[in-house]
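Visitor: Below: one structure in structure tokens.
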Amino acid sequence: MIGGLKQRIGAALVSAGNVLARRPVPPQGRLLKYQSSDYRRDSVSDGLTPKKARSVLLAADGGDLSEAMRLFSEMEDKDARLQSVLSTRRLTLTGMDWEVVSAAELEKGIVDKVLADESAAFCRDRLSGLHDFDQALTDLALAIGPGLAALALVWNGNKLVAIDPVPEMRPFIDFNRDKRVRIARTQGDRVGFLGVPPNFVVHMPHARHGLPMRGSLMRSIVLIYLIRNYAIKDWAVFSEVFGMPVRIGRYDPQATPEEKFEMMSMLQTLGTDAVG
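Encoded structure:
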């Protein structure tokens, strides 16, 4: 997978080099307008139910990835075991050594050696000026869980000056247009930028055939997470009432419908407050 990450960033830089050959400079500065709501948002996992989880996953299948990406992120935040497993995978991946190699060395006689060597030199030159490139690899490795991660390339003239992680709520897929990953300019934007070089790098591990969300590791864990979450809540509730004397009430035959309804409500909460 480390090869896949390097290939995507390398392809982005090579594409940028081709762009520079056709026009003076790529789009300048940061194309995305970052908002505080990109990082402060309502929780998706709080009060998660089977119905809500199904709704989130169906929305992702339709191209709206925002809630699914948030859910997967919150699942990792709240589940220590899940966070440990994913972190181990990412650290194993990003801890490997890497280098930029000319395609002419890998596919001798197939590609133009001069062009391939120039492209490799272009990549080395641009990456050598980035102090946070290893962090960029880590950001792309986040795709192991949700199935997609994106970076925004920031240019100053012909120089790549920064690689910014794209907020998890920005990527989407427009199936009515071109079925390609797009990056929303601002929240709510449904036009966006195509997630392609020289502006963006999008990594999708493709663990299985189909849409990126369907091949994500986290999607297959949603049901397990949901069941475990219910089990923890039930155990916490049981621990609160264990040992408490159960108090049972009754109503007279002349009780009003309102009194009967109140008694039924108390019976329904018997397991949480030991009063029914």
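Sequential numbering of the sequence shown, starting at 0, is according to numbering that gives the first Met the number 0.
We put the CB at the ideal spot given by N, CA and C, even for glycine.
1) Cβ of I162 within 8 Å of Cβ of P170?
2) Give me the Cα-Cα distance between R179 and L64, rounded to the nearest whole angstrom.
3) Which residues in the same chain have their Cβ closer than 7 Å to the Cβ of P164, if we skip the five residues on either side of it in sequence?
4) Leaving out five residues on either side along the sequence, give the residues of the same chain with a beta carbon under 6 Å from the beta carbon of A120.
5) State the DSSP-derived secondary structure class of I109, mapped to helix, strand or coil.
6) Measure the beta-carbon distance from A142 to P49 and round it to whole angstroms, keeping in mind my assumption that it falls under 8 Å.
7) Within 10 angstroms of the Cβ of E258, are there 16 or more other Cβ atoms? Answer buried if so, exposed if not.
8) In whole angstroms, what is the alpha-carbon distance linking T255 and S54?
9) Relative to the C-alpha of F199, which candidate in D173, D188, L147 has its C-alpha closest?
10) Span of the alpha helix (DSSP H) holding D60?
11) Who are the Cβ neighbours of V100 in its own chain at under 8 Å, not counting the five residues just before and after it?
12) Just list the alpha helix (DSSP H) runs in the stretch 123–200, keeping only unbroken ones of 4 residues or longer that don't cross its boundaries, in chain order.
Guide: Checking against the coordinates, here is how it stands:
1) no
2) 13 Å
3) D138, L150
4) none
5) Secondary structure at I109: coil, using DSSP grouped into helix, strand and coil.
6) The Cβ separation is near 26 Å, so there is no contact.
7) Classification for E258: exposed.
8) 40 Å
9) Checked all of D173, D188, L147; the closest Cα to F199 is L147.
10) 49–60
11) A119
12) 132–140
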